[in-house]
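Peer 1: Can you keep this structure in mind? I'll have questions shortly.
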Amino acid sequence: MLHIAVFGNSKWSLLMKDILENEYSELFTQNGGEEIQVDAFVVLGAPQNDGEISLHAFTQQYASGQLISIVIPKEYYIRHNNIVLALLRNGVNVNDIYSGIRLSERVRTNPELVASLITPILSDPYLSYLEFHVADHCNLNCKYCTHYSPLVPEPVFADYERFSSDLHQLKRYIPDIGIIRILGGEPLLNPELGRFISLTRELYPASIITVVTNGLLIQQMNAELIELMKEKMAFIHISFYPPLQEKIQEIKRFLYEKEIPYTITELTTEFSKMQTFKPHTDENFFYSCFQASCTCLQDGKLAPCYAPYTSKYFNDAFSQNLPIDEGIDLYDDTLTLTSLKTGLLLPMQRCYYCVSGQSRPWEVVGKSSVLEDWVIT
Ligand code: SF4
Ligand code: SF4
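So the sequence shown is numbered by our numbering: it starts at 20 and just counts up by one.
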């Protein structure tokens with residue numbers, strides 16, 4: 020008997036356990052494998068229900084051999100990478116972490132789908148999350164913006180042809196992505212936003228696509244863009260900052276009337292400063308960094324976050340030398356699916372310049388931004 024765990028306690032986790040123990044186990048034993056039993060649901064907070072265990076308890080039972088692997092249902096899109104990084108940080112072998120296919124009841128009646136129910140994450144041609152910039156500059160200029168948008172000296176839009184080539188290239192290795200976030204800077208500043216959305220939908224028909232905006236330009240979206248977003252099923256996600264407070268009800272009404280689904284964060288009143296000059300040596304920082312799961316596509320490369328691509332603005336503004344342009348070269352002839360997926364699970368040189376953030380009240384940075392506005396000294 021193979022004793023394993025499933026991540027989470029949602030209906031997807033329950034369905035995964037059920038199919039694993041029944042249809043999948045039956046197929047597996049017919050092919051000479053052992054029966055499978057799901058002994059635990061691993062949760063991030065404190066366990067509340069029978070059968071749930073904490074991530075810490077899982078790693079203890081994994082170390083003692085009581086549990087031999089964990090399956091993460093595909094439906095944990097945005098948390099998927101963070102869960103993987105937390106498991107790695109706690110000593111779980113990457114080859115013992117599996118991801119599932121998209122689940123539904125019809126899976127259990129389709130032998131082909133049952134056979135492909137779980138895949139080791141390094142062999143799974145799937146990313147749970149991808150983001151890309153369509154504008155590096157912004158119309159809000161928050162102090163401590165982790166994308167350095169206030170330091171972009173003049174408007175910088177993503178090149179559509181370059182993006183198209185890169186996304187096609189990515190698709191050769193990764194035909195499926197859980198959630199794709201189009202952001203910046205402020206994405207609604209880009210007059211070609213519709214083209215980026217259309218291409219993304221064409222290449223990734225099953226993905227959740229969201230445009231992440233500070234909301235200030237939502238009511239200026241033209242009819243063509245609104246129709247296109249509806250047709251392509253692209254949603255809005257609003258990062259809610261103080262300047263939007265007075266308009267937020269109007270904006271919600273606007274989106275409701277235009278029938279564009281949206282989500283919105285809580286009001287952000289504090290930002291974190293998390294950059295240092297003196298590189299540390301703690302590679303575990305990467306494995307606990309919440310932004311290390313923000314897989315970013317830029318200029319033919321893929322990186323665990325956007326920092327290698329936006330740090331050039333910081334370097335230029337303050338004559339500094341933070342590592343830039345790191346990432347996995349999608350056009351490298353030696354690239355394989357496994358090396359691509361492995362590369363996203365390793366710290367970059369840029370990571371050694373990030374530290375735990377110091378919280379500061381949210382504010383707009385002035386034209387005369389100084390180094391101390393960005394760096395913990
Ligand atoms: S709204 Fe977002 S992208 Fe724009 S400056 Fe603020 S944090 Fe940066
Ligand atoms: S550079 Fe590394 S540590 Fe810094 S935010 Fe990105 S992933 Fe996290």
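Yeah, the Cβ is synthetic: ideal placement off N, Cα and C, and Gly gets one too.
Considering only C-alpha positions, which residue in the set Glu250, Thr232, Thr287 is nearest to Tyr281?
Peer 2: Thr232
Peer 1: Taking Cβ to Cβ, would you say Arg200 is nearer than 8 Å to Thr229?
Peer 2: Yes, Cβ-Cβ distance for Arg200 and Thr229 is below 8 Å.
Peer 1: Once the 5 residues before and after Gly319 are set aside, which same chain residues still bring their CB inside 6 Å of it?
Peer 2: The answer, listed in chain order, is Asp185, Leu349, Tyr350.
Peer 1: Measuring straight from C-alpha to C-alpha, what distance separates Tyr192 and Lys266?
Peer 2: 43 Å
Peer 1: Where does Tyr95 sit, in a helix, a strand or coil, going by DSSP?
Peer 2: The answer is coil: DSSP assigns Tyr95 none of H, G, I, E or B.
Peer 1: Would you tell me roughly how many angstroms separate the C-alpha atoms of Glu205 and Ala311, rounded to the nearest one?
Peer 2: 21 Å
Peer 1: Hey, how far is the Cα of Phe309 from the Cα of Ser375?
Peer 2: 11 Å
Peer 1: Which class does Arg214 belong to by DSSP, given the choice of helix, strand or coil?
Peer 2: helix
Peer 1: Does the region 133-147 come into contact with the region 110-117, if we say contact requires no fewer than three beta-carbon pairs (one atom in each stretch) closer than 8 Å?
Peer 2: Yes, the region 133-147 is in contact with the region 110-117.
Peer 1: Express the C-alpha separation of Ala242 and Leu106 in angstroms, rounding to a whole number.
Peer 2: 45 Å
Peer 1: How about His166: is its Cβ closer than 7 Å to a heavy atom in ligand 1?
Peer 2: yes
Peer 1: Roughly how many whole angstroms lie between the Cα atoms of Leu370 and Ala177?
Peer 2: A small fix is needed here, since residue 370 is Cys in this sequence, not Leu. Distance between the alpha carbons of Cys370 and Ala177: 24 Å.
Peer 1: When you compare each of Ser258, Glu53, Ser226, Leu218 to Leu235 by their alpha carbons, which one comes out closest?
Peer 2: Ser258
Peer 1: So who's on the other strand from Gly197, going by DSSP bridges?
Peer 2: Answer by DSSP bridge pairing: none, since Gly197 is not bridged.
Peer 1: Near Gln317, what residues of its chain come up, given a Cβ to Cβ distance below 6 Å and the 5 sequence neighbours on each side ignored?
Peer 2: Tyr328
Peer 1: Please name the residue in Pro92, Leu46, Glu276 whose C-alpha comes closest to that of Val25.
Peer 2: Pro92
Peer 1: Counting along the chain, where does the alpha helix (DSSP H) carrying Arg272 start and finish?
Peer 2: Note, Arg272: alpha helix (DSSP H), 267-276.
Peer 1: Indicate the three-state DSSP secondary structure (helix, strand or coil) for Tyr81 in the structure shown.
Peer 2: helix
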